[in-house]
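Colleague: Here's a structure for you.
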Amino acid sequence: MHPDAELPFFFGADGGLFGMYHAPTLPARRAVLMCPPLGQDLIRCHRVYRQLAQALMAQGLAVLRFDYHGTGDSAGDSVHVDWDRCVADTVIAADELRRRAGVERVVAFGARLGGSIALCAASRARFAEVIAWDPVLDGDAYVAALDAMQAALREDADRFTRPRSHADVAEQWLGFDVGAALREQLSTLRVASADVPTMVLDSLPVSAEPRWEALVSSRGRVAALSPPTPWDDLRRLETAILSQPLIQAVSGRLKETA
1203 MHPDAELPFF FGADGGLFGM YHAPTLPARR AVLMCPPLGQ DLIRCHRVYR
1253 QLAQALMAQG LAVLRFDYHG TGDSAGDSVH VDWDRCVADT VIAADELRRR
1303 AGVERVVAFG ARLGGSIALC AASRARFAEV IAWDPVLDGD AYVAALDAMQ
1353 AALREDADRF TRPRSHADVA EQWLGFDVGA ALREQLSTLR VASADVPTMV
1403 LDSLPVSAEP RWEALVSSRG RVAALSPPTP WDDLRRLETA ILSQPLIQAV
1453 SGRLKETA
């Protein structure tokens, strides 16, 4: 890989957003913006995001990975993460990618809340398509699941010799400080379809209930991935989320629509 193929940089009005630009060898005709999830999912997806970015770059696509304000290597603390700002940061990142790559067509990819953010930003960011991996549609259920995992983690005898106090973890989700504002924003979050082609990559456990019909239209599709991704498995909390089928599915989709 060329030494300049991955370029770290800061951008945004105050230079506080961190990005990693993956430049193809030849001028790109399209670009992919990789919208990260939040919290522990961000940490666990870091490697697969990098692997996917490298695979897409090898296909001749320009790719930008970035961090929202208060996450990753961007400025700010996790307690100040704000949903609306994450959406706004995504719009800024899409414009930055267009400028660097010299292209207009930008496809967004995102896992979990990253997919939700991409869908919410789709119109303002002028995405040509959104590819969402197990996106969160019902924020209230997502918050309840995080609270349950946090409660179980507090008493996990495999990690701690004695249960931690409620005060120690009262405002945390799996090791990340969470502000009251973000909790409220996520509790009321309901993600609807975006007015762009949408591909949902489904690696959640099999369910008899329909869950993606609200997102996909005649211009979209759902593709099942296996095995199921252990997003909510506390036993694998420190294990990186890796998925070769995901990389193949996204790469294949972008080849189809080249």
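The opening residue of the sequence shown carries number 1203 in this note's numbering; numbering runs sequentially from there. All C-beta atoms in this analysis are idealised placements derived from N, C-alpha and C, irrespective of residue type, glycine included. These numbers come from a predicted model, not from an experiment.
In whole angstroms, what separates the C-alpha of R1249 from that of A1442?
Modeller: R1249 and A1442: Cα-Cα distance of roughly 7 angstroms.
Colleague: Using a threshold of 8 angstroms, state whether the C-beta atoms of V1265 and A1296 are closer than that.
Modeller: No; because the gap between Cβ atoms is not below 8 angstroms, this pair is not in contact.
Colleague: Mind checking which residues open and close the beta strand (DSSP E) that includes A1277?
Modeller: Element bounds for A1277: n/a, residue is neither H nor E.
Colleague: If S1395 sits next to A1416, beta carbons under 8 angstroms apart, how far is it from one beta carbon to the other, in whole angstroms?
Modeller: The Cβ separation is near 6 angstroms, so the contact holds.
Colleague: So, at 8 angstroms on beta carbons, what are the nonlocal neighbours of L1463 in its own chain, with the 5 sequence-adjacent residues on each side left out?
Modeller: Limits of the chain in this structure are 1203 at one end and 1460 at the other, which puts residue 1463 out of reach.
Colleague: When you compare only the Cα positions, how much space is there between S1318 and D1286?
Modeller: Taking the straight line from one Cα to the other gives about 12 angstroms.
Colleague: For a quick check, are the C-beta atoms of T1431 and S1409 less than 8 angstroms apart?
Modeller: Contact flag unset, no.
Colleague: Can you tell me where the beta strand (DSSP E) with G1465 in it begins and where it stops?
Modeller: Outside the shown range of the chain (1203 to 1460) lies residue 1465, about which nothing can therefore be said.
Colleague: Go to T1292, then tell me how far its alpha helix (DSSP H) extends in each direction, as first and last residue.
Modeller: T1292 -> alpha helix (DSSP H) spans 1285 to 1303.
Colleague: Could you name the residues that DSSP lists as bridge partners for D1340?
Modeller: DSSP, once it has assigned bridges, lists R1392 as partnering D1340.
Colleague: Are the CB atoms of T1292 and A1320 nearer to each other than 8 angstroms?
Modeller: Cβ atoms of T1292 and A1320: closer than 8 angstroms.
Colleague: My output table needs one value for P1210: the three-state DSSP class, helix, strand or coil.
Modeller: In the structure shown, P1210 sits in a strand (DSSP, three-state: E or B).
Colleague: Only counting the same chain, and skipping five residues up and downstream in sequence, which positions put a Cβ closer than 8 angstroms to that of V1371?
Modeller: Interpretation of V1371 is limited by its pLDDT of 46, a score under 50 that renders its predicted location unreliable; no figure is taken from the coordinates.
Colleague: Can you tell me the Cα-Cα spacing of T1273 and P1226, whole angstroms?
Modeller: Straight-line Cα distance between these residues: approximately 26 angstroms.
Colleague: Let me check understanding here. Comparing Cα to Cα, which of W1433, D1379, Y1223 lies closest to D1269?
Modeller: Looking at the Cα atoms, Y1223 is the closest of the given residues.
Colleague: Can you tell which of C1247, R1385, V1308 has the C-alpha that lies nearest to the C-alpha of R1326?
Modeller: Among C1247, R1385, V1308, the Cα nearest to that of R1326 is on V1308.
Colleague: Is E1331 helix, strand or coil by DSSP?
Modeller: DSSP places E1331 in strand when its eight states are reduced to three.
Colleague: Under the DSSP definition of a beta bridge, which residues are partnered with R1423?
Modeller: DSSP output for R1423 lists M1401 as bridge partner(s).
Colleague: So, with DSSP's three-state summary, where would you put S1235?
Modeller: The sequence as given places Leu at residue 1235; Ser does not occur at that position. Of the three classes helix, strand and coil, the one that applies to L1235 here is strand, per DSSP.
Colleague: G1422 to V1289, Cα distance in whole Å?
Modeller: Roughly 22 angstroms separates the two Cα atoms.
Colleague: Relative to the C-alpha of G1316, which residue among Q1374, Q1242, E1298, L1299 is closest?
Modeller: Closest by alpha carbon: Q1242.
Colleague: Given a cut-off of 8 angstroms, decide if A1310 and C1237 are closer than it, judged by their beta-carbon atoms.
Modeller: It is a contact, given that the beta carbons lie within the stated cut-off.
Colleague: Taking the alpha-carbon positions, what's the M1259 to G1214 distance?
Modeller: About 23 angstroms.
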